[in-house]
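Before any comments, here is the structure.
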Amino acid sequence: MRDRIAQKLVESSLVSQDQLARALESQQTGGGTLSYNLVKTGAISEMAFAEFMGQVYNVPAVDLDAVLVDPNAVDLIPADVATKFQVVPLKREGRTLTLAMANPDNIFAIDDIKFITGFDVRPVVATETAIKRCIDRMYDSADSLATIMGEIEEDFEIVEDAIDDADPTAAAADAPVVKLVNSLISDAVGRGASDIHIEPYEKQLRVRFRIDGMLHEMMSPPFKMKNAITSRLKIMAELDIAEKRVPQDGRIKIKMHGKPIDLRVSTLPTIFGEKVVMRILDQSNLQIDLARLGFHPGALGRFLNAIESPYGMVLVTGPTGSGKSTTLYSALQKINKIHSNIMTCEDPVEYNINGINQVNVQEEIGLTFAAALRAFLRQDPNIIMVGEIRDLDTASIATKAALTGHLVLSTLHTNDAASSINRLVDMGIEPFLVSSSVLLIIAQRLVRRLCEKCKQPTNIHEEVLRELGIMENPDELTLMEAKGCPVCNDTGYKGRVGVYEVMEVSPTLREMIVDRASNAEIKAQAIKEGMLTLRMDGIEKFKTGLTSLEEILRETASH
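Converting from the sequence shown to the numbering used here requires adding 116 to each position, the first position being numbered 1.
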């Protein structure tokens with residue numbers, strides 16, 4: 117069968133003979149199926165292989181990472197049976213059970229599952245690796261919370277009615293829901309998640325964690341619990357339980373293993389109920405040692421010089437979720453001295469830092485970034501941190517503060533360091549003021565760090581390396597790729613590292629800014645003066661085995 121599939125793959129031009137040979141060699145040395153090794157060696161994507169197998173067996177192909185699995189269907193097949201036959205029950209319709217299989221030709225598996233469930237089986241095809249991930253996701257979560265779930269099923273027979281028609285706090289006060297919510301938060305913190313998503317759909321309640329920037333489905337609590345879980349979280353965050361029609365925001369403070377953790381809670385009414393997202397703010401994630409964030413030594417030296425300057429402006433730029441706040445907070449920790457008056461205005465304050473005066477922006481009452489900045493200047497500050505420069509008013513006050521003896525740290529939303537200059541000019545700040553006030557600009561992204569326990573060497577074609585500007589002898593490089601193991605939940609990645617573009621505003625660049633040079637001209641001069649672009653810094657991290665090529669290409673632009 118393996119030979120027939122291999123032959124068909126080559127005949128259909130989905131893989132070449134060379135790619136097939138590499139996959140077979142990988143199979144001989146490392147084991148696993150042909151499909152696993154074809155995907156691992158990059159010969160074909162998971163979904164393309166699933167679609168090919170669907171054509172071979174004349175059944176539909178599914179992407180298990182995108183499909184919603186019905187927890188009621190999962191309950192029909194025990195975990196050991198699903199693992200033995202490598203199958204995932206997706207949904208049941210009438211007397212038919214849709215079953216994702218790596219090998220839809222396995223008549224014995226289909227017959228056994230028909231006997232166990234009493235349902236007719238409709239097979240669909242998915243790759244073996246996708247099925248394994250889905251089994252781990254659906255069954256591990258169920259096992260780890262089995263005791264709580266059993267207790268919940270007994271105590272929440274009329275949760276929906278109790279919440280909607282009676283006292284909304286009654287069901288949420290029950291011990292099993294409290295245990296479930298506490299367990300959920302504890303699990304997320306333990307896994308290093310940054311966000312928890314609790315999402316109601318028509319017939320399913322889904323919980324996902326964002327770990328290292330990627331969302332992973334963790335569990336599906338009983339659907340009838342959706343309002344009880346939401347009410348419990350609203351009580352903890354001191355929100356209005358009875359109000360379900362408008363979004364609400366709140367905070368939860370907890371202690372885990374003696375360390376304080378803040379949860380920023382947001383509720384949003386959807387057509388099937390309220391979605392809850394909790395941002396986990398763990399103060400232990402702040403790095404006082406800036407070198408551990410991933411700065412190149414030369415770039416780190418320039419950054420430290422800038423933040424230790426008595427006056428001027430330091431800007432950090434990048435999209436949402438690129439780690440700007442972590443960089444700024446870590447910088448504030450570094451320069452937080454007894455003789456300095458440090459003031460911050462944020463929307464909202466994410467981490468409480470002892471010795472720093474922090475203000476929450478509240479635009480509804482007129483406390484905007486600009487209003488807070490004006491007040492700060494009457495408070496004898498040495499260092500000011502502005503959460504974000506959004507408009508001319510804020511940019512103007514921040515620039516003037518930087519020119520009158522204050523160090524100003526802030527963020528912007530631009531794609532790279534050079535374009536931040538013209539963003540300020542476009543806002544209405546005169547070029548001569550920008551050139552005089554800005555000391556340094558950092559553009560940054562976050563890439564996933566390869567798991568140290570399972571990362572493995574990889575071979576990249578010399579042509580690809582040349583295109584990326586890697587001219588060294590490939591034999592001298594430590595090029596690594598993701599594999600997957602229990603330590604990293606089979607993702608191949610554990611933790612994240614920053615990729616940075618650090619542009620110091622030199623005298624030459626100051627003249628170019630006054631002359632209204634273009635972004636491209638400013639960037640070219642900065643590179644000439646030693647700046648590494650995001651892509652260049654990413655390639656350096658790939659060359660040292662910190663991350664994979666896929667991560668660098670995903671997060672950085674080629675120019």
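Where a beta carbon is used, it is the ideal one built from N, C-alpha and C, also for glycine. All figures in this text were calculated on a predicted structure; none of them were measured in a lab.
#1: Keeping to the same chain, check which residues put their C-beta closer than 8 Å to that of glutamate 568; ignore five residues upstream and five downstream.
#2: Does proline 316 pass the burial test, meaning 16 or more other C-beta atoms within 10 Å, or should it be called exposed?
#3: How would you call glutamine 171, buried or exposed, if buried means at least 16 neighbouring beta carbons within 10 angstroms?
#4: If you draw a straight line from the alpha carbon of alanine 198 to that of glutamate 424, how long is it in whole angstroms?
#5: Do asparagine 635 and alanine 559 have their C-beta atoms within less than 8 Å of each other?
#6: Leaving out the 5 sequence neighbours to the left and right, which residues in its chain are closer than 7 Å to glutamate 666 when beta-carbon positions are compared?
#7: Using the C-alpha atoms, what's the distance from aspartate 252 back to proline 602?
#8: Where do the ends of the alpha helix (DSSP H) carrying lysine 450 lie?
#9: Is lysine 369 closer than 8 Å to aspartate 378 when the C-beta atoms are compared?
#10: How many angstroms separate the CA atom of threonine 157 from the CA atom of aspartate 311?
#11: Can you give me the Cβ contacts of isoleucine 229 inside the same chain, cut-off strictly under 6 Å, excluding the 5 residues immediately before and after it?
#12: Between the C-alpha atoms of alanine 262 and asparagine 468, what's the straight-line distance to the nearest angstrom?
#13: Any contact of the segment 384-398 with the segment 477-488, i.e. 3+ C-beta pairs under 8 Å?
#14: Restricting to runs no shorter than 4 residues, where is the alpha helix (DSSP H) found entirely within the segment 165-201?
#15: Whether or not the segment 414-428 and the segment 541-551 are in contact is what I'm after, with contact meaning three or more pairs of Cβ atoms, one per stretch, closer than 8 Å; do they touch?
#16: Does glutamine 123 come out as helix, strand or coil in the three-state DSSP assignment?
#17: Going along the chain, which unbroken runs of the beta strand (DSSP E) with 3 or more residues stay wholly within the segment 288-331?
#18: Take alanine 713 and list the residues in its own chain whose beta-carbon comes closer than 6 Å to its own, dropping the five residues that flank it on each side.
#19: In whole angstroms, give me the CA-to-CA distance for leucine 136 and aspartate 119.
#20: Reducing DSSP to helix, strand and coil, say where asparagine 538 ends up.
#21: Let me make sure I understand the geometry here. Which of Pro338, Ile396, Leu562 and Glu480 has the alpha-carbon closest to that of leucine 662?
#22: Could you check the C-alpha separation between methionine 501 and leucine 125 for me, to the nearest Å?
#23: Leaving aside the five residues before and after arginine 361 along the sequence, list all residues of the same chain whose C-beta is less than 8 Å from its C-beta, in chain order.
#24: Measure the alpha-carbon distance for proline 435 versus glutamate 656 and round it to whole angstroms.
#25: For alanine 182 and alanine 189, what's the separation of their Cα atoms in angstroms?
#26: For alanine 353, which residues of its own chain have a beta-carbon under 7 Å away from its beta-carbon, when the five flanking residues on both sides are left out?
#27: Check whether the segment 301-310 touches the segment 204-222, counting contact only when three or more Cβ pairs, one atom from each stretch, lie closer than 8 Å.
So, from the listed chains and residues:
#1: Here the set comprises Lys610.
#2: Proline 316 should be labelled buried.
#3: Glutamine 171 should be labelled exposed.
#4: Using only the alpha carbons, I get a separation of about 59 Å.
#5: Taking the C-beta atoms as reference points, alanine 559 is found no nearer than 8 Å to asparagine 635.
#6: Counting only Cβ-Cβ distances below 7 Å, and skipping sequence neighbours, we find nothing.
#7: Answer to the nearest angstrom: the Cα atoms are 10 Å apart.
#8: Note, lysine 450: alpha helix (DSSP H), 440-451.
#9: At the C-beta level, aspartate 378 and lysine 369 come within 8 Å of one another.
#10: Straight-line Cα distance between these residues: approximately 32 Å.
#11: For isoleucine 229, the CB contacts under 6 Å within the same chain, skipping 5 residues up- and downstream, are Val237 in chain order.
#12: With a pLDDT of 48 at alanine 262, under the threshold of 50, the modelled position of this residue cannot be trusted, and the question is left open.
#13: With a cut-off of 8 Å, the segment 477-488 and the segment 384-398 do not count as touching, because too few Cβ pairs lie within range.
#14: Entirely contained in the segment 165-201, the alpha helix (DSSP H) runs reaching 4 residues are, in chain order, 187-190 and 195-201.
#15: Touching, no.
#16: Helix, per DSSP.
#17: Within the segment 288-331, the complete beta strand (DSSP E) segments of 3 residues or longer fall at 311-316 and 321-327, listed in chain order.
#18: With the chain running from 117 to 675 in the structure shown, residue 713 is simply not present.
#19: One C-alpha to the other measures close to 11 Å.
#20: The three-state secondary structure of asparagine 538, taken from DSSP, is helix.
#21: Ranked by Cα distance from leucine 662, the first of Pro338, Ile396, Leu562 and Glu480 is Leu562.
#22: Those two C-alpha atoms are separated by around 58 Å.
#23: Beyond the five residues adjoining it in sequence on each side, arginine 361 comes within less than 8 Å, by CB distance, of Pro385 in the same chain, given in chain order.
#24: So the alpha carbons of these two residues sit roughly 22 Å apart.
#25: Going by the C-alpha atoms only, they are around 17 Å apart.
#26: Closer than 7 Å at the Cβ level, and outside the excluded window around alanine 353, lie Gly366, Arg367, Ile368 and Val381.
#27: Because the criterion of three Cβ pairs below 8 Å is not met, the segment 301-310 and the segment 204-222 do not touch.
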